[in-house]
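Asker: Residue numbers (the numbering used here): 67 to 630. Don't be surprised by glycine CBs; every beta carbon is placed ideally from N, CA and C. All values reported here derive from a predicted model rather than from experimental measurement.
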Amino acid sequence: MQSCRSKTFALLWPIIKVSAMRIVVYMLLFLSSGLSGKLTISWKENFLRINDDRNPGGELEVWYLEAYCRSGSTDREWNETLINHQTKLLSATETEIKLRCQLADGVIIDHLIKAEGDKVSFRLIAKNPTDQKSEVHWGQPCIRVGEFTGTRKDANKYAYLKDSFVFLNDKKSFMPTDNWATSARYVPGQVWCPCHVPKTDVNPRPLSMDQPSNGLIGCISDDKKWLMATAWDPYQELFQGVIRCLHSDFRIGGLEAGEEKIIRGAIYVMANDVSTLIKRYEEDFPAQVRRHRTLSDPKVVLGDPVSGKRVSITTPDYAGTDVHHTLYLPENWNSDWKEKKESYPLIVEYSGNRAPSLGSSGRVEDSVLGYGLSGGEAVWLNLPFVDATGQANQPNWWGDEAATAAYAKKVVPKIMAEYGIDPDRVILCGFSRGAIAVNYIGLYDDEIAALWSGFVTHDHYDGVMEWRGTKWGAPLPSYRKAAVERFKRINGRPVLICQNGGTSEIRKVIGSPGNVSFLDVDTRAIFGTYPTETRIHPHTDRWLLKPSDQRNKVLDWMGKRGFF
67 MQSCRSKTFA LLWPIIKVSA MRIVVYMLLF LSSGLSGKLT ISWKENFLRI
117 NDDRNPGGEL EVWYLEAYCR SGSTDREWNE TLINHQTKLL SATETEIKLR
167 CQLADGVIID HLIKAEGDKV SFRLIAKNPT DQKSEVHWGQ PCIRVGEFTG
217 TRKDANKYAY LKDSFVFLND KKSFMPTDNW ATSARYVPGQ VWCPCHVPKT
267 DVNPRPLSMD QPSNGLIGCI SDDKKWLMAT AWDPYQELFQ GVIRCLHSDF
317 RIGGLEAGEE KIIRGAIYVM ANDVSTLIKR YEEDFPAQVR RHRTLSDPKV
367 VLGDPVSGKR VSITTPDYAG TDVHHTLYLP ENWNSDWKEK KESYPLIVEY
417 SGNRAPSLGS SGRVEDSVLG YGLSGGEAVW LNLPFVDATG QANQPNWWGD
467 EAATAAYAKK VVPKIMAEYG IDPDRVILCG FSRGAIAVNY IGLYDDEIAA
517 LWSGFVTHDH YDGVMEWRGT KWGAPLPSYR KAAVERFKRI NGRPVLICQN
567 GGTSEIRKVI GSPGNVSFLD VDTRAIFGTY PTETRIHPHT DRWLLKPSDQ
617 RNKVLDWMGK RGFF
C-alpha cells in the first residue's frame, strides 16, 4: 500500500509543482498590481503625509497648505499676493483628516481629506462670514516629489522634470514641454494657465503659452511602475515649482460677504497606466472635463438612432419629401432606459439662414450650437423650417410658419416619449435666424411654448432690429409689439442671451428681467484672426466647440439650472 502511494505521489508531483508555482505567480501579480495596498494619511505642522509601502519613497509629503493668494499675482512681489492663514487640526484617523484654515481677512476654509484606496480625496468648504468681500482667489497645496521620483539626493534639483508631465493638445507631455518659458519676475519654474483664469492671476513664475488640456499634473516613480497625479475643481493653475514639487492649485475666485463655495480635489497614487488615470479623472471631475474638451461635432450618418450617432429622419407625415430633422443620442444613452429608470436632457435647435459668405449653410445637418451647449451629453434634435410647398426644408427664414410650428409640436413630444427625456431639462436654442426662431417659432402659441424648460440664443434676438423686406420683421414698431407678446409666453423660465460683440442693444429693448442672463461673446478672442481652419467669419455658432472662459460661463449657467 505504501509503495502504491509513493508511486501515485511521484506521478502527481509535477502537476502539484506546476500548480504551486502558478499560485505563487498569481499572488505576485496580485501584489504588484497594487490591489493589496492602501494609502494612509497623517497631518502635522502644515504637512500632509501620504504613506504607501507599494511605491518608491514610501511617503508623499504635501505642504498643506503653502499659501492662500490674491488675484493680480502674475507680475507682483510674492509677499503682496499672500493672505496670511493658520491651519488647525480638528480630527484625524489614518484614513480621514479634518482641518480648518482661518485666513487673516476672516474667511474660514474647512478641509475634509480622505484616503480612499489609491486616491486621497479633498472636499473644501470656503465661507466668508464677514460683511466684506474677500480677495482670496486661490490656494497652493505643494506636493514634494523628490522621494517618489528618486531624485531627492540628485545634485540637479530639477532632475525630476524628465519624469513629470502635464497634458497638452490632449497628450501626456513630459517636462520641459515645448514652448518652455524662461522669463518672469521669479525664475525658474513653469506655469500653465487654463482658459477660465486670467493670465494676470497666476504664480509669478515663467508662464507657458500653452493651455493645459485637462487639470492633471503628475510624475512617474523611480522604478517606473507607479504614477502620482493631482487635480482640483475648480483649479487656478498647474505649476512646476523650485523645491522638487508639483502643484495643481485650487481656485476660489474671491468670496462675497456671506458667500460659500465648495472645492474638490484628488491625489492619485496608482499603477503607471495613463489611460486608467484619465478614466479615473473623467469620472471624478466630469464638469472639468466639459470645460477642457475640444468638441468635434458628429457628422450625420445613415441608419436608425443609436447612442453616439447623429442621423437624419423623415417623419411619416413627410414621407416622399425632403423635409427632415436630425437626431443625436449621447454615448451614455441606454435603450433600456425604462427598466433602469434613467432620463436624459434634450436640446432642441433651430439653424441659421443660408449665408455662404458667412459660412452658414442653413441646413439642419450643419448646426452645432446645441452640441456645444451639452458637450455631447444630451439628446440633440435639430428641427427644420418647413418650406411653403411642404416638400423641403426652408434654407432662409420661416417658410410656412404654421407648418414649422406644427412640426415641432408633433416631433418633440414623440422624441421625449421614445428616448426617456426629462421634461424639466428641455432647452430650446438657436443661432442667428435660429436665435430669432427661439421666440418667433418656439413661442408661436401656448402649445409649443409649453414644451421648453429654458432658452438659449446666440447672435440676434426676436424684436430687437428691423428685418427689411420681410412681412413679419418690418416695420419695427409692429414687429416689436408682436415680439413682446411672444416674450410673455416665457413666463419666468430661464433665458440665456449670447451675442458676439456684446448684448447692450438687446438689453436696451428687453431690459434686464430677473430670469434672463446675458453673455457678451468675442469669437475673435476664441478663434483668433479670421478666416480660420473651421470658420470664415466671426458670426458663427462653432465657438461653443472650443474651450474658452465664455463657454465655461454657458456651462455654469446650464449647471446651475440642473441641466447636468
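1. What residue ranges within the segment 290-344 form continuous beta strand (DSSP E) runs of no fewer than 3 residues, ordered along the chain?
2. Hey, how far is the Cα of Pro278 from the Cα of Val211?
3. Quick one: Cα of Tyr527 to Cα of Leu435, how far?
4. Is the segment 455-464 in contact with the segment 411-421, if contact means three or more CB pairs nearer than 8 angstroms?
5. Can you name, in chain order, every residue of its own chain whose Cβ lies under 7 angstroms from the Cβ of Ser98, other than the five neighbours on each side?
6. Could you pull the DSSP bridge partners for Arg357 from this structure?
7. If you drop the 5 nearest sequence neighbours on each side, which residues of the same chain put their C-beta closer than 6 angstroms to that of Leu273?
8. With a floor of 3 residues, list each beta strand (DSSP E) that falls wholly inside the segment 235-271, ordered by position along the chain.
9. May I ask which residues mark the beginning and end of the alpha helix (DSSP H) holding Leu542?
10. Around the Cβ of Phe240, are there at least 16 other Cβ atoms within 10 angstroms (buried) or fewer (exposed)?
11. DSSP beta-bridge partners for Phe497?
12. DSSP three-state call for Ser440: helix, strand or coil?
13. Would you give the residue range spanned by the beta strand (DSSP E) that Ser689 belongs to?
14. Rounded to whole angstroms, what is the Cα-Cα separation between Ser426 and Pro450?
15. Could you tell me which uninterrupted alpha helix (DSSP H) segments, each at least 4 residues in length, are contained entirely in the segment 167-221, listed from first to last along the chain?
16. At the level of alpha carbons, what is the spacing between Ala540 and Val530?
17. Between the beta-carbon of Asn338 and the beta-carbon of Thr392, is there less than 8 angstroms?
18. So which of His203, Leu321, Leu312, Lys574 has the shortest CA-CA distance to Pro195?
19. CA-CA distance, Asp402 and Arg491?
20. How far does the alpha helix (DSSP H) with Thr392 in it extend, from its first residue to its last?
21. From Ala86 to Asp184, what does the alpha carbon distance come to, in whole angstroms?
22. Quick check on this structure: which residue in His313, Asp488, Asp363 has the alpha carbon closest to the alpha carbon of Ile209?
23. Leaving out the 5 sequence neighbours to the left and right, which residues in its chain are closer than 8 angstroms to Asp244 when beta-carbon positions are compared?
24. Just the Cα atoms here: how many angstroms apart are Arg679 and Val504?
25. What residue range is occupied by the uninterrupted alpha helix (DSSP H) comprising Ile576?
26. At the level of alpha carbons, what is the spacing between Pro579 and Tyr596?
27. If you drop the 5 nearest sequence neighbours on each side, which residues of the same chain put their C-beta closer than 6 angstroms to that of Ser200?
28. Tell me the DSSP bridge mates of Tyr134?
29. Check Tyr473 in the structure and name its three-state DSSP category.
30. Just the C-alpha distance for Asn581 and Glu160, rounded to the nearest angstrom, thanks.
31. Quick one: any contact between the segment 220-232 and the segment 143-153, if contact means 3 or more CB pairs under 8 angstroms?
32. By DSSP, does Asp639 sit in helix, in strand, or in coil?
33. Of all the options Val575, Val550, Glu182, which has the alpha carbon lying nearest to the alpha carbon of Gly331?
34. If you compare alpha carbons, which of Val263, Leu282, Asn269, Lys238 is closest to Arg251?
35. Are the CB atoms of Leu562 and Ser544 nearer to each other than 8 angstroms?
36. If distances are taken between C-alpha atoms only, which option among Leu190, Glu443, Cys135, Arg608 comes closest to Lys375?
Answerer: Reading off the structure:
1. Entirely contained in the segment 290-344, the beta strand (DSSP E) runs reaching 3 residues are, in chain order, 292-299, 301-306, 311-317, 326-337.
2. If you take the alpha carbons of Pro278 and Val211, they lie about 21 angstroms apart.
3. So the two alpha carbons sit approximately 15 angstroms from each other.
4. With a cut-off of 8 angstroms, the segment 411-421 and the segment 455-464 count as touching, because enough Cβ pairs lie within range.
5. Confidence is the limiting factor: at Ser98 the pLDDT is only 42, short of 50, which leaves the residue's position unreliable, though a coordinate-based value still follows. Closer than 7 angstroms at Cβ, skipping near neighbours: no residue.
6. For Arg357, which the question treats as bridged, DSSP gives no partner whatsoever.
7. Closer than 6 angstroms at the Cβ level, and outside the excluded window around Leu273, lie Ala247, Val257.
8. Annotation note: the segment 235-271 contains the following uninterrupted beta strand (DSSP E) runs of length 3 or greater, listed N- to C-terminal: 237-240, 256-258.
9. Where Leu542 is concerned, the enclosing alpha helix (DSSP H) stretches over 542-554.
10. Residue burial annotation: Phe240 is exposed, with fewer than 16 other C-beta atoms found within 10 angstroms of its C-beta.
11. Its beta-bridge partners are His524.
12. In the structure shown, Ser440 falls within a helical segment according to DSSP collapsed to helix, strand and coil.
13. Residue 689 is absent from the structure shown; the chain starts at 67 and stops at 630.
14. Between the C-alpha atoms of Ser426 and Pro450 there is a straight-line separation of about 15 angstroms.
15. Within the segment 167-221, the runs of alpha helix (DSSP H) that reach at least 4 residues and sit entirely inside it are, in chain order, 212-215.
16. Cα-Cα distance, rounded: 11 angstroms.
17. One thing to note: Asn338 has its Cβ no nearer than 8 angstroms to the Cβ of Thr392.
18. Nearest option by C-alpha distance: Leu321.
19. Cα to Cα, Asp402 sits roughly 20 angstroms from Arg491.
20. Looking at the DSSP string, Thr392 is not in any alpha helix (DSSP H); the run it does join, the beta strand (DSSP E), is 391-394.
21. Bear in mind that a pLDDT of 47 at Ala86, under 50, signals an unreliable position, so the model cannot answer this.
22. Ranking His313, Asp488, Asp363 by Cα distance to Ile209 puts His313 first.
23. Result list for Asp244: Leu234, Asp276, in chain order.
24. In the structure as shown, the chain begins at 67 and stops at 630. Residue 679 is therefore absent and cannot be evaluated.
25. Its alpha helix (DSSP H) spans residues 570-576.
26. About 35 angstroms.
27. For Ser200, same chain residues with a beta-carbon under 6 angstroms away, outside a window of 5 residues either side, are Asp171, Val173, Asn194, Leu321 in chain order.
28. DSSP output for Tyr134 lists Ile149, Gly205 as bridge partner(s).
29. Residue state, collapsed to three classes: helix.
30. Distance between the alpha carbons of Asn581 and Glu160 is about 48 angstroms.
31. At 8 angstroms Cβ cutoff, the stretches do not touch.
32. The chain is shown only over 67 to 630; residue 639 falls outside these bounds and no answer can be derived.
33. Looking at Val575, Val550, Glu182, the one whose alpha-carbon comes closest to that of Gly331 is Glu182.
34. Closest in alpha carbon position to Arg251, among Val263, Leu282, Asn269, Lys238, is Asn269.
35. In this structure, Ser544 does not lie closer than 8 angstroms to Leu562 by Cβ.
36. With distances taken between Cα atoms, Lys375 lies closest to Glu443.
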